[in-house]
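Below: the structure, in structure tokens.
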Amino acid sequence: MNGSTIAIIIAFAVYLIMMIGVGIWSSKRTQGADDYFLGSRGLTGPVAALSAQASDMSGWLLMGLPGSVYALGTGQAWIAIGLGLGTIINWLLIAKPLRAYTITNNSITLPEFLGNRYHDDKKILLGVSSVVIVIFFLVYTASALASGGKLFNSVFGIDYHTALVLGAVVILIYTFLGGFLAVCTTDFIQGSLMFLGLLVVPIAAWGFVSGDFSAALTSTGISSEHYLNLMYNGDAPIKIQDILSGLAWGLGYCGMPHILVRFMAIKNEKELKKSSVIAIVWVVISL
3 MNGSTIAIII AFAVYLIMMI GVGIWSSKRT QGADDYFLGS RGLTGPVAAL
53 SAQASDMSGW LLMGLPGSVY ALGTGQAWIA IGLGLGTIIN WLLIAKPLRA
103 YTITNNSITL PEFLGNRYHD DKKILLGVSS VVIVIFFLVY TASALASGGK
153 LFNSVFGIDY HTALVLGAVV ILIYTFLGGF LAVCTTDFIQ GSLMFLGLLV
203 VPIAAWGFVS GDFSAALTST GISSEHYLNL MYNGDAPIKI QDILSGLAWG
253 LGYCGMPHIL VRFMAIKNEK ELKKSSVIAI VWVVISL
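The opening position of the sequence shown corresponds to residue 3 in the working numbering, with each subsequent residue numbered one higher.
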């Protein structure tokens, strides 16, 4: 084990310990259900923005999208464009009214908001929405944990399943300890690190290849002319349905529970405006 590997292990260990520390810190500020589920509606603009975008993009932004572009070329950028537009729509059109409605109806969860908003006295809408969120978020959460497991496996050579369990245990610890506040604080830290990494890595990569990406393009098996063309997927011309499919990714943002709940928890309208600007800038630069 060389020095650089040891340094990476130490950095990861410190990071994981820090996440648990955030959970302990948050637990001391969590007194009731409103604290646990919404952080007393006290999120500041930066925390709301970065935590929302970090939890939204997660491993997909760092691994999924780059891998897709590497394999098929910049035609995959239509997905990024769709996500950027979806983020803008979400923050500018949905955040403010959703926050206002949930405060007026004193709703602390999305199913509760839907039930109150549409006068669901029989609790049918509340029950159905809860089941839908649980089912689909099992898959969504599993994919996020899988990306963490693959990261540990590739960097440290740790067994994939062991890495998966380790990541899940750390997340469960700080979530159970500090609730929503712990989740948002850790996501804020992660969002800051992701943004820094996304700025530094391209610059470092450019310096590493001395500005010549011909070898990297050759390894993909796709002609450089098509690889850098938005209207091609690999060496095949892109179809209109491919473009629409990529852009449609952004529609999902308008219904993602883990994003919408951040809107509900923002402290006031001033912080909401601030968070909207920060989130949109973060996404545009990161993508």
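A virtual CB, placed ideally from N, CA and C, is assigned to each residue, including glycine.
For Val279, there are no CB contacts under 7 Å within the same chain when 5 residues up- and downstream are skipped. In this structure, DSSP gives Asn118 a helical state, which the three-state scheme calls helix.
The Cβ atoms of Leu85 and Gly252 sit closer than 8 Å to each other. When the beta-carbon positions are compared, Gly47 and Lys276 come within less than 8 Å of each other. Ile22 is positioned such that its CB atom lies closer than 8 Å to that of Val172. Where Thr143 is concerned, the enclosing alpha helix (DSSP H) starts and stops at Ile126 to Phe158. Judged by pairs of C-beta atoms under 8 Å, the segment 48 to 61 touches the segment 258 to 271, as three or more such pairs exist. In the DSSP assignment, Leu45 forms a beta bridge with Ile268.
For Asn92, the secondary structure class from DSSP, reduced to helix, strand or coil, is helix.
Taking all protein chains in view, the Cβ of Trp80 is crowded by 16 or more other Cβ atoms within 10 Å, so the residue is classified as buried. Cβ contact annotation for Trp93 (same chain, cutoff 7 Å, sequence separation greater than five): Ser278, Ala281 and Ile282, in chain order.
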